[in-house]
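S.K.: In my numbering, the protein residues as written are 2 to 251. Yeah, the Cβ is synthetic: ideal placement off N, Cα and C, and Gly gets one too.
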Amino acid sequence: MSESAQIIEALKRTLKTRGLTYRDLAAKVGLSEASIKRVFSEETFTLERLERMCVAIGVSMSELVRIATDSREARSQYLSLEQEQLLAGDQQLLACFYLLLNGRSSAEIQERMDLTERGLRELYVKLDASRLIELQPRLKVRLRVGPVITWRSDGPVHRVYERQVKAEFLQSEFQDAQEALHFRSAELSEASTRILIRKLEQMVRDFGELATLDVELPAAEKHNVALLVALRPWVFSMFHGLRSAKSELR
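1. Which of helix, strand or coil does DSSP assign to Lys13?
2. Gln84: buried (16+ other C-beta within 10 angstroms of its C-beta) or exposed?
3. How about Glu49 and Ala6: do their beta carbons lie closer than 8 Å?
4. So the candidates are Arg122, Asn225 and Ala57; which of them puts its Cα closest to the Cα of Glu180?
5. I'd like the ranges of any alpha helix (DSSP H) spanning at least 4 consecutive residues and lying wholly in the region 20-96.
6. Alpha helix (DSSP H) containing Leu133: first to last residue?
7. Is the region 86-99 touching the region 117-126 in the sense that three or more CB pairs, one from each, lie closer than 8 Å?
8. Compute the Euclidean distance between the alpha carbons of Ala57 and Arg164, then round it to the nearest angstrom.
9. Trp152 and Val146 - do their beta-carbons sit closer together than 8 Å?
10. Which partner residues of Lys141 appear in the DSSP bridge assignment?
11. Note the first and the last residue of the continuous alpha helix (DSSP H) segment covering Leu214.
12. Give me the Cα-Cα distance between Thr70 and Phe237, rounded to the nearest whole angstrom.
13. Taking the alpha carbon of Val216 as the point to measure from, which residue in Ser33, Phe41, Ser63 and Val30 has its own alpha carbon closest?
14. What do you get for Glu1, buried or exposed, if any count of 16 or more other CB atoms within 10 angstroms of its CB means buried?
15. What whole-angstrom Cβ distance do Leu197 and Val230 have, given they're in contact under 8 Å?
16. Using the C-alpha atoms, what's the distance from Ser36 back to Glu109?
17. Quick one: residues in its chain with C-beta nearer than 8 Å to the C-beta of Ser33, no 5 flanking neighbours on either side, listed in chain order?
18. Report the CB separation of Leu140 from Ser107 in whole angstroms; it is logged as a contact under 8 Å.
19. Rank Phe184, Glu174, Ser131 and Arg105 by C-alpha distance to the C-alpha of Pro148 and give the top, closest one.
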């Protein structure tokens with residue numbers, strides 16, 4: 002795939018993760034929906050037109066190029082077992098790595114974690130030695146992974162923090178404007194279950210795309226958000242109790 006085609010694909014993904022259609026984009030840039038579709042299908046983008054579209058959907062051209070580059074380089078979302086073990090065994094190092102993943106500067110990390118410059122450098126040296134980052138002059142950092150990490154379900158980080166994360170995450174009424182909790186239970190076929198799993202996996206991918214888009218925004222314009230996705234065969238224990246009660250009556 003050519004570089005221009007990768008940029009166009011990145012633009013399409015950005016539209017999707019922003020929840021925008023070609024019709025929405027057409028209204029924002031003053032073109033007809035048919036014209037927008039033709040531009041995408043024929044790839045007849047001028048720099049001026051591409052810039053107008055970027056402004057319309059709230060992403061800079063440099064961010065769009067970076068998304069396309071990240072997709073081409075396919076920076077790993079998974080860490081090695083040794084890297085996970087290192088982070089699981091050092092809470093401060095894990096916190097530092099998390100802030101880096103979210104685009105925080107060295108100054109912001111120092112303030113957030115109450116670190117001296119020497120203390121921050123020591124953490125960076127450990128992350129650099131494990132090939133999670135590339136430490137550059139003047140405490141500049143380039144991530145070698147991310148920005149969204151998928152932790153091993155049976156890995157060391159998951160084992161150390163799983164119980165704590167679940168307990169803390171669910172300690173909410175989920176009533177605020179930026180909170181949502183939905184629970185549904187029904188009898189579904191195997192085919193329907195597979196469809197739902199694919200949709201959930203797409204939602205997780207969308208979460209990663211949005212995190213990538215927002216990673217370089219100033220800290221004041223974003224906040225920590227967590228997404229919990231789960232689906233499994235399950236029967237409410239109430240039914241087991243009903244079955245036992247019925248058996249006792251016989």
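M.R.: Taking the definition as stated:
1. Start at 1 with the first residue of the sequence shown, and residue 13 comes out as number 12. Helix, per DSSP.
2. For the purposes of this step, residue 84 is taken as the residue at position 83 of the sequence shown. Burial check for Gln84: the Cβ neighbour count within 10 Å reaches 16 or more, so the residue is buried.
3. As a position in the sequence shown, residue 49 is number 48, starting the count at 1. As a position in the sequence shown, residue 6 is number 5, starting the count at 1. Pairing Glu49 with Ala6 gives a Cβ-Cβ distance that is not under 8 Å.
4. Reading the sequence shown from its first residue, position 179 is the one you call residue 180. Closest option to Glu180, Cα to Cα, is Asn225.
5. Fully enclosed alpha helix (DSSP H) runs of 4 or longer: 23-30, 34-43, 48-58, 62-74 and 82-89.
6. Here residue 133 refers to the residue found at position 132 of the sequence shown. First-last for Leu133: undefined, no H or E at that position.
7. With a cut-off of 8 Å, the region 86-99 and the region 117-126 count as touching, because enough Cβ pairs lie within range.
8. In the sequence shown, counting from the first residue as 1, residue 57 sits at position 56. In the sequence shown, counting from the first residue as 1, residue 164 sits at position 163. Their Cα atoms are separated by approximately 42 Å.
9. Counting from 1 along the sequence shown, the entry for residue 146 is found at position 145. Counting from 1 along the sequence shown, the entry for residue 152 is found at position 151. In this structure, the beta-carbon distance from Val146 to Trp152 does not fall below 8 Å.
10. Locating residue 141 in the sequence shown gives position 140, where the first residue counts as 1. Within the DSSP secondary-structure output, Lys141 pairs in a beta bridge with Gln137.
11. Residue mapping note: residue 214 aligns to position 213 of the sequence shown, counting from 1. Where Leu214 is concerned, the enclosing alpha helix (DSSP H) stretches over Glu191 to Asp215.
12. Position 69 of the sequence shown, counting from 1, holds the residue named residue 70. Position 236 of the sequence shown, counting from 1, holds the residue named residue 237. Each residue's Cα considered, the two are about 46 Å apart.
13. Stepping through the sequence shown from its first residue, residue 216 is reached at position 215. Cα-wise, what sits closest to Val216 is Ser63.
14. A question about residue 1 goes unanswered here, because the residues of the chain that appear run from 2 up to 251.
15. For the purposes of this step, residue 197 is identified with residue 196 of the sequence shown, where counting begins at 1. For the purposes of this step, residue 230 is identified with residue 229 of the sequence shown, where counting begins at 1. The beta-carbon separation of Leu197 and Val230, rounded to 11 Å, does not stay under the 8 Å limit for a contact.
16. Counted from its first residue, the sequence shown places residue 109 at position 108. Counted from its first residue, the sequence shown places residue 36 at position 35. Taking the straight line from one Cα to the other gives about 44 Å.
17. Counting from one through the sequence shown, the residue named residue 33 turns up at place 32. Closer than 8 Å at the Cβ level, and outside the excluded window around Ser33, lie Ala27.
18. As a working mapping, residue 140 is identified with position 139 in the sequence shown. As a working mapping, residue 107 is identified with position 106 in the sequence shown. About 4 Å; that satisfies the 8 Å criterion.
19. Numbered from its first residue, the sequence shown carries residue 148 at position 147. Taking only the C-alpha atoms, the option nearest Pro148 is Arg105.
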